Each structure stands twice: as structure tokens, then as C-alpha cells.
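Quick notes on the structure that follows.
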Amino acid sequence: MTILVTGAAGFIGFHVARRLLRDGAQVVGFDNLNPYYDPRLKQARLDQLSGDPLFEFFRGNLEDRSALTKAFDRGPFDAVIHLAAQAGVRYSIDHPETYIQSNVVGFLNILEECRSRSVKHLLYASSSSVYGLNHHTPFTTSDNVDHPVSLYAATKKANELMAHTYSHLYGLPTTGLRFFTVYGPWGRPDMAYFKFTQAIVAGRPIEVYNNGALWRDFTYIDDIVEGVVRLIDHIPSPDPRWNADTPDPATSSAPYRVFNIGNSSPVKLMEFIATLERLLGVAAILQMRPMQLGDVHSTSADIDALVAEVGFAPRTTIEVGLEKFVAWYRASRDLLQ
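Residue numbering for the sequence shown follows the numbering used here, starting at 52 and increasing by one per position.
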């Protein structure tokens, strides 16, 4: 197979590209290596991929159609896995324009390239953040997601709507992937688990929001990758059971699907911190803070649809996943200085 992976220097994109290469696929990567967090980490991930003769890389911005076209010219692709985006819930509050350009304009360019080249399957990253004010847990893909609480979440919801439009108008098969709090080696330094680890090791305090009364469905990176890779060959087709009078948001009369990929086992933030403390052998200095704008109290994934589709359920426990992350962190200190 020949597959385009956008965001190949990012956390999830790197792991997906590496897995595909190990499976013998040809991979074309696309990324802009932007400075949202230290580009040296992104370059280090890219260096891990660049030694493989089956990997080719293009650097550019999603909103630059001409740069994206050059990458698509290396096709035809059996699938496009679109994982590039401006990430971060809190960053979107102060930098809204960046999210519109990358996550909306950029996604439109992805859709147009896939449409014009009759790509067989577009898989794209959505997010558990789309569930917003929904307090019904576990979150299921049949839930309404019309009340996001951050612009980041709104752009991910917009991506799902845009994908459905292209599936309906042009028959482009699209699969949305709602990821739940991904963590693990080579992760993002802006994520809580990474920042907590750095601060605890350095003896600095960590900020604990909502006084620790938060639950997250932490999902280990290898489980995310397994879900993504298994879905590549599961190309959506119109759902014959779909009914416009009682519409299921996760399917359609068009070749369109949405799946949750999460551990389906939420962990309380204070338990998460206690696990990190034990693995690091250092007690955290806690600074309790109120709830932050754009945050939600809890996330929990209903993955019944994923299991039914591909026969896989994420299963890595927080203890095992954090132990692997801490081992990588300790071995990578020179990179992270």
C-alpha cells in the first residue's frame, strides 16, 4: 500500500507512519514542523522515519494548497490519513486564527485533493473534545455534539461536517477518528502528563485544575495506532439502515463513519498523578486551581462500534502506559533539555 500521512512529525502521525513502515507500506509524510512546541522533538521523530527507504517527506503548511499538491502528486494513494492540525484546547482561546487556517482551510484543501484524485479512503483525526457540554457518559458516537466549549473542538466538529458533505456530494469515503487523551513515548510536551513529569522531576509545582476533580479516558499511543491501522481497509459505505427522521450522527446515507478510539476506562486526575509520583519516585508539589475555560469535567469513550467494526479494543492500563512513557522520558533527557 501507498499511504499519505499528514502530521508525520507530530506525536500520533509519527507513530502511525512508523507502524505502517514496519508493516511494509510506502509512506509519504507531510508536516510543517511548526513551533507550537519545540521543533527539535518533531525533527527527532522525523529522523526516526527518514532512514527508511519506503518513507518520503514533504514540508509545508496545510493551508498552502500548492505545497499539499506536491505531496499528493507522489500518489496515487490507497489511503490518506490526515493527522495534521493545530492542536491544543487552551491555545485556541488566545490564537483562534491559527485554528481556522490549519484546521478548517487546511482540511478543505485535504478534501479537495482527495476528491480530485478519487482517493479510496480518507481517515482524519477528530477529537473527544467535540462532545463539549455533553455530560452523558460514556460518550457514544450517536450522541449530539452541537455544543463545543473550545474553538479547537469547534474546528474538529467542523471537520466532521465538511467530511460528510464531501462524502455526500462526491462519494468520497471518509472516516472520522475521535481520539481520547492520547499519551505515551514521543508525546507532546504541552500535554498534562508530559508537563507533570517535567515539573515533578525538576521539583517544580504542578497546576491541578478543578482541584483535581477531573476524569480522563487516557489512551496509550499504541492502542490509538492499532485502531487507526485496522480501520484503513474498512472503507465506509452508505448505511442502508440510516433514517433521516431519526438520524444516527455516526453513519449516513453517504460513505461516512465516525468512531471513538479510547481506553474506555476513565482515570481520576489525582490517581493519574499518584501513578506518576510512584513511577518517578518523587512526590509532586500540587497547586490547586479552579476549572479552566475550554475544559470538560470528564471524558469516557463508548467503543462498541469500533469493536464491532474491527474487533479491537484499547487495553493498555494507565500503570503500564505511564511506565513506558517514563522509561522513554528518562532515556530522552538530552533531547528534551
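We treat Cβ as the ideally placed atom computed from N, Cα and C, and that holds for glycine. Bear in mind that the values here come from a model prediction, so they are computed numbers and not experimental data.
Under the three-state DSSP convention, the category D137 falls into: Strictly speaking, residue 137 in this sequence is Gln, with Asp absent from that position. Three-state result, Q137: coil.
Hey, would you say the C-beta of S316 is under 7 angstroms away from at least one heavy atom of the ligand PLP? This structure lacks the ligand PLP, and indeed carries no ligand of any kind.
Is E164 closer than 8 angstroms to F123 when the C-beta atoms are compared? Yes; because the gap between Cβ atoms is below 8 angstroms, this pair is in contact.
Sub-8 angstroms separation of L92 and P240 beta-carbons: Contact flag set, yes.
Output needed for A295: all residues of its chain with C-beta closer than 8 angstroms, excluding positions within five of it in sequence on either side, in chain order. Only S304 meet the Cβ criterion.
Using a Cβ-Cβ distance cut-off of 8 angstroms, determine whether R384 contacts chain D. Included in the structure is just one protein chain, with no chain D present.
Mind checking which residues open and close the alpha helix (DSSP H) that includes G173? The amino acid at residue 173 is misidentified as Gly; the sequence shows Leu. Note, L173: premise wrong, no alpha helix (DSSP H); beta strand (DSSP E) at L173 to S178.
The beta strand (DSSP E) spanning I251 covers which residue range? Taken as a continuous stretch (DSSP letters only), I251 belongs to no beta strand (DSSP E), being part of the alpha helix (DSSP H) at A243 to A253.
Output the distance between the C-alpha atoms of Y307 and H133, rounded to the nearest integer angstrom. 15 angstroms
Beta-carbon contacts of S178 that lie in its chain and below 8 angstroms, excluding the five residues immediately before and after: Y203, A204, K207, R229 and F230
Alpha carbon of I369 to alpha carbon of S351, nearest angstrom: The alpha-carbon separation between I369 and S351 amounts to approximately 14 angstroms.
Tell me whether A243 is buried or exposed, calling it buried when 16 or more other Cβ atoms sit within 10 Å of its Cβ. buried
Can you name, in chain order, every residue of its own chain whose Cβ lies under 8 angstroms from the Cβ of L386, other than the five neighbours on each side? R91, L92 and A95
R125 - DSSP class collapsed to helix/strand/coil: The three-state reading of DSSP puts R125 in coil, since its state is none of H, G, I, E or B.
Quick check: the Cα distance between A325 and L159, rounded to an integer number of angstroms? 42 angstroms
In angstroms, rounded to a whole number, what distance separates the CA positions of L282 and V156? 25 angstroms
Residues of its chain near K121, where Cβ-Cβ distance is below 8 angstroms and the 5 sequence neighbours each way are ignored: F109 and G111
Rounded straight-line distance, which links the Cα of D74 to that of Q152: 33 angstroms
Can you tell which of L97, L72, Q77 and V78 has its C-alpha closest to the C-alpha of L84? L97
Counting only runs that start and end within the segment 163–237, where is the alpha helix (DSSP H) found for 4 or more residues in a row? Runs of the alpha helix (DSSP H) inside the segment 163–237: 202–221.
By the DSSP assignment, the beta strand (DSSP E) with Y34 in it spans what residues? Residue 34 is absent from the model: the chain starts at 52 and stops at 388.
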